[in-house]
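So the protein lines, in turn, are chains A and B. Under the working numbering, the first residue of the first sequence is numbered 1, with each subsequent residue one higher. Under the working numbering, the first residue of the second sequence is numbered 1001, with each subsequent residue one higher. This report concerns only the one structure given below.
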Amino acid sequence: MSNKYTHRSGIVKIIFLAVGVIFVLRLSMLQLFDKEYKEKAKSQSLRNITQYPARGLMYDRNGNLLVYNEAVYDLMVIPRMVKDLDTAFFCRSVGITREDFLARMEKAYTYSPYSASIFLKQISKEDFGRWENVLYKFKGFYISKRTLRIYDRPIAAHVLGYVGEVNEHDLETNPYYKRGDYIGKSGLEASYEEQLRGVKGKKIMQVDVHNREIGPYLHGQMDTMPMEGMNLYTTIDADLQEYAEKVMANKRGCIVAIEPSTGEVLTLLSAPCYDPNLLVGRIRGENFKKLNSDISKPLFNRALQAQYPPGSIFKVAQAMIALHLGVITPQTGFVCDKVIGCHNHPSARSVQEAIKMSCNPYFYYTYRRVIQQGKYKNIYKDSQYGLTVWHDYMTRFGFGYRLPIDLPNVKKGNIPDTAFYNKWYGRERWAFTTIYSNSIGQGEVEVVPLQMANLACIVANRGYFYTPHLVRFYGPDSIRPPEFYEKHETGIEREYFDIAARGMYDVVHGAGGTAHKADIPDIDVCGKTGTAENYGNDHSVFIAFAPKENPKIAVAVYVENAQGGGGTWAAPIASLIIEKYIRGEVKRKDVEKYYTEINPCQKLPLTRRIKKPRKR
Amino acid sequence: MNANRLPATEKKHYDWVPILLYVGIVLFGWLNIYAACYDEYHAQVFDFSRQHGKQLLWMGIAFVMAVCVLLIHPRVFSNGSYIIYGVVLLLLVATLFIGTVTNGGQSWINFGAFKLQPSEFAKFATALALAKYISAIDIDLTLPRTRLTLALIVLVPAGLIFLQHDTGSALVFLAFLLPFFREGLSHYILLIGLLAIVLFISALLINKFLLMGILLAICLLYLFVWLSKRTSKNYWHTAIFFVVCSLFTLSVDFTFDNVLETHQRNRIYVLLGKVEDPRGVGYNVNQAKIAIGSGGLVGKGFLNGTITKADFVPEQETDFIFCTVGEEWGFVGSLLLIAAYVWLLVHLITMAERQRSVFSRFYGYCVASILFFHFAVNIGMVLGLVPVIGIPLPFFSYGGSSLIAFTLLLFIFIRQDADRNALI
């Protein structure tokens, strides 16, 4: 049945179809072309839960645990979900004041009312245990587990380093890290960050509108398991380290002890030391500030970062190079004519005697022969040639560049080359007489204590060294960093090093030797004293190795601003370290007691001392 | 499409297309309700404490009623039109007094454990009453009295529902304009309505005087460019048109600020993009868009919707159920659902046109128009094309009253259609 308006059925159908088409167009816009909604959906309905792997542990060379982890708890809050909170009860339970509560809430709210932020950081297991059973009453709060580093013994802070939250720079340079992650900030924690940290795992949970987890996303298909961090097996001897720190406890200075045959660092400390547990957890910020502002600079790792003129110890290397170049023979003698200042002693008739007596004029003449070998008539050109050769050999001794030890922030010291002096004085405007101070380890030469210990290793090994290092191997597969098993030769004959070793033996044992205080009954200690000039009183420096044949330990000891030369303070302390390591205990109790208790370091702040030429 | 599967000896010619589309939409709807309120602890299908379980019950009742309607003689409905209409009016009045308030609307009457929403039944009762009235042999649609009566039949239930603060359901009665249009209502009414909407939105979006300037320009263009010969009548009409439009434009602010309620104003602002508040008043629509948009081409898969499953979209089993389709079934699933609705609607018009009686034809148009209004407003709102108006998606949204009422609405017409060849 139809009438005159039948045609309007077509119009109605067209309206229906048109609406359908509009919907389909709109749908295609939303679902096919606009990617914005997919991103939004992910960000609001999925919660990425990072699963932190346990950070690797560290052991000493004898298998003693140095660093391990302990669980701590972060109290998290989602401000919008905090409901019916009994604030007074909450504050009492958690142990904060009402003002603190309000401030923290305000901060969390400002960050985001809807997403979680840390309300209270690093609550210890004990503290958390006290109010764990009432946590359910605090709607909107939950607990997130973390781990903290714990140091079994309060030692080796400078070696182990510390862990802290990533900063802006870390976030920018490495996409692995997310805000709030922890990263090794110094020491081995920083050098072996990649091995220690492991690989984070990821769990994707679906959350509902109230931010409650309602189950794994895609049944956990996208989740990844965390990979545990690798353990570090270090070269440190914890007993020796602890002993050395005890000896240095009241002093300023540093000790580096190395096993010469391998380059394994047995002990490395910078005094004053501090308990590494101070830089862990909630107390870190405050303690860091304290340590950082301490006038004795406990955070400064002197063993790697303090650059001093090496002083007399440098003479050992000078002698080796001169002998190798043939500019002197083992029997060469020079009269102690005080061409540069010296103490009173008979003239050295051989290299061995010169090392024993540390004769300044002897090395003045020796160095002159090295620098001015007579290759060129022009003394400027001749000096340039000589310095270049000398610089080359010094570099082979591990001087003048950063020893690639597995610790961050190592200084390189300075071995001046021709470019250095050309820049300083101008081309062909310097010769031996300009730079003679280098001969006795003064002038422009600078070294760090680590390089000094390495020099002791070179003599102990009679001519070569392995890069000093602190990690033997790491991980379940015991990976050994190959660069630490590479022998570095000085290229100087072994027989000359025997002379040096004999000279260093005489330093401790011979008549006229400068370090009789380093003598240990039944152990052949070889050493060399030195004095590092600087602002304030000179540093007392001593390097040594023992025993003379098949040395087990090489050590460098610096005692800051301790007037009296290397033989007075550094030498006996070095002998304590050597005895402790070789014997396992120190039998000379009186020596031990005296040098542990006394503090020869000039009081801080330093006042400039009037220099007296006194080099031994 | 005229799949006539019953033997020719039977007089009834059931049209299976709407029946199958109905069954398909209802079942698909249930799957989405199940998904919307799904969680691991309530995966049980027959859990009558959950909405998907209850909906199964409603579906059972609806199917039984549908079969009953198909078995009852169609004259029962045409003859009983006024009675049904009267009963529903009584229920609507009763709701005002004994109804329970939910979501700000007083639309439910409690019958023991069940709640009845009379406004859902008012639509088909009104359709029946209108059809009955308009199919009278001596009807003269040109008489103002007739028109007034027809208008009253629509406006009384609409007004009562409006008094229940259920603006959405009241607006549905606008759908009756389409059947009237088919029966000869001047198309100017529709055009004026359209013009009013355009002016209303424009007035909210741009400066009112600029808008009046544009109107004036259009009028002048019409007079001096479009018309070849200008009579004084033309001038008068154009002038009146301009004045009325200008007055309307100027009144928009007043209407908007004083007649509409705050949430209604906000919904319109959100739609027009004048308010960006994805956490506040724009939350629903924003979440709906996120849910649908994240579905992509083929969706995340049944029960895998992350937004809808996690309760980000409020009212997701009822008014915002289309989000679940969009998220879990993607563009393909949504397209099929829209196609099913459009097919059903267009087919209903085809069916209505083949009726011999004015009653059936008019009723058919009412059915198509009511379903269309719900379809257009509900999906339009979820897609962010129409302001948020809380009305369900027919056969699809959770809700016993609406499912049963829509089922009755549709199947009464299918029953009429089956007897289309019989003389009434």
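Yeah, the Cβ is synthetic: ideal placement off N, Cα and C, and Gly gets one too.
| Item | Value |
| --- | --- |
| Return the Cβ separation of Phe617/A and Ser347/A in integer angstroms, given the expectation that the two are a contact with Cβ distance under 8 Å. | Limits of chain A in this structure are 1 at one end and 616 at the other, which puts residue 617/A out of reach. |
| Listing by chain order, which chain A residues have their CB less than 7 Å from the CB of Asp1166/B? | Going along chain A, no residue has its Cβ under 7 Å from Asp1166/B, so there is no contact; the nearest lies around 23 Å. |
| Can we say the region 540-557 of chain A touches the region 245-262 of chain A, given the rule of at least three CB pairs closer than 8 Å? | yes |
| Against chain B, does Met1/A count as a neighbour if the rule is that its beta carbon must be under 7 Å from one of theirs? | Interpretation of Met1/A is limited by its pLDDT of 43, a score under 50 that renders its predicted location unreliable; the figure taken from the coordinates is listed afterwards. Yes, Met1/A lies at the interface with chain B (some Cβ there is under 7 Å from its Cβ). |
| Classify Leu1160/B as buried or exposed, calling it buried when 16 or more other Cβ atoms lie within 10 Å of its own Cβ. | buried |
| For the beta strand (DSSP E) containing Lys580/A, name the first residue and the last one. | Where Lys580/A is concerned, there is no enclosing beta strand (DSSP E), although the alpha helix (DSSP H) it sits in stretches over 570-583. |
| Below 8 Å on the Cβ atoms is my contact criterion, and I expect Glu592/A with Ile520/A to pass it. Report the Cβ-Cβ distance as a whole number of Å. | About 11 Å; that fails the 8 Å criterion. |
| Mind the definition here: the region 196-209 of chain A touches the region 37-56 of chain A only if three or more C-beta pairs lie below 8 Å; say whether that holds. | yes |
| Between the region 1388-1402 of chain B and chain A, which residues of the former have a C-beta closer than 9 Å to a C-beta of the latter? | none |
| With respect to the beta strand (DSSP E) encompassing Asn69/A, which residues constitute its N-terminal and C-terminal limits? | 65-77 |
| Measure the C-alpha to C-alpha separation of Val988/B and Ile1338/B and round it to an integer number of angstroms. | The structure shown does not extend to residue 988/B, since chain B spans only 1001 to 1424, so no value can be given for it. |
| Name the residues in the region 37-53 of chain A whose C-beta lies less than 8 Å from a C-beta of chain B; which are they? | Tyr37, Lys38, Lys40, Ala41, Lys42, Gln44, Ser45, Leu46 |
| Report, in whole angstroms, the separation of the C-beta atoms of Ser124/A and Pro408/A, which I expect to be a contact under 8 Å. | At roughly 30 Å, the Cβ-Cβ gap does not stay under 8 Å, so Ser124/A and Pro408/A are not in contact. |
| Considering only DSSP beta bridges, list what Val199/A is partnered with. | Met227/A |
| To the nearest angstrom, how far is it from the Cα of Leu1297/B to the Cα of Asn1304/B? | 15 Å |
| Is the region 441-459 of chain A touching the region 550-564 of chain A, taking contact as three or more C-beta pairs under 8 Å? | yes |
| Name, please, each residue of chain B whose Cβ falls closer than 7 Å to the Cβ of Gln221/A. | By Cβ distance, chain B contributes nothing, its closest Cβ being about 12 Å from Gln221/A, past 7 Å. |
| Compare the C-beta of Gly140/A with all C-beta atoms of chain D and state if any pair is closer than 7 Å. | Absent from the structure: chain D. Protein chains present are A and B. |
| When burial is assigned at 16 or more other CB atoms within 10 Å of the CB, is Lys1289/B buried or exposed? | buried |
| For the region 1363-1377 of chain B, which residues have a beta carbon sitting closer than 9 Å to at least one beta carbon of chain A? | Tyr1365, Ala1368, Ser1369, Phe1372, Phe1375, Ala1376 |
| To the nearest angstrom, how far is it from the Cα of Phe1302/B to the Cα of Ile1321/B? | 14 Å |
| At which residues does the beta strand (DSSP E) containing Leu266/A begin and terminate? | 264-271 |
| Cβ closer than 7 Å: which chain B residues qualify as neighbours of Thr110/A? | Within chain B, no residue comes near Thr110/A; the closest Cβ sits about 16 Å away, beyond 7 Å. |
| Per the DSSP calculation, Tyr558/A is bridged to which residue(s)? | Cys254/A, Val541/A |
| Give a yes or no on whether the minimum CB-CB distance between Lys1289/B and chain A is below 7 Å. | yes |
| What residue range does the beta strand (DSSP E) around Ser144/A cover? | 141-151 |
| Tell me which same chain residues have a C-beta within less than 7 Å of the C-beta of Ile1084/B, skipping the five on either side of it? | Ala1125, Leu1128 |
| How would you list, in chain order, the residues of chain B whose beta-carbon sits under 7 Å from the beta-carbon of Lys13/A? | Val1346, Ile1349 |
| Between which residues of its own chain and Val507/A is the CB-CB distance below 6 Å, once the five residues before and five after are set aside? | Lys356, Gly513, Thr514, Ala515, Gly527, Lys528 |
| Any C-beta of chain A within less than 8 Å: which residues of the region 1170-1186 of chain B qualify? | Leu1178, Phe1181, Arg1182, Glu1183, Gly1184 |
| Are the region 1170-1183 of chain B and the region 1144-1162 of chain B touching by the rule of at least three beta carbon pairs closer than 8 Å? | yes |
| Return the first residue and the last residue of the beta strand (DSSP E) that Asn133/A is part of. | Counting along the chain, Asn133/A falls outside any beta strand (DSSP E), and DSSP gives it neither H nor E. |
| Taking CB distances under 7 Å as the criterion, tell me whether Val80/A reaches chain B. | With the sequence shown as reference, residue 80/A is identified as Arg, and Val is not the correct amino acid for it. Not closer than 7 Å to any Cβ of chain B, the Cβ of Arg80/A fails to qualify, so no. |
| Can you tell me which of the three DSSP states Ser1107/B falls into? | strand |
| Helix or strand or just coil, what does DSSP make of Cys526/A? | strand |
| Going by DSSP, what residues sit across from Ser117/A in a beta bridge? | Val77/A |
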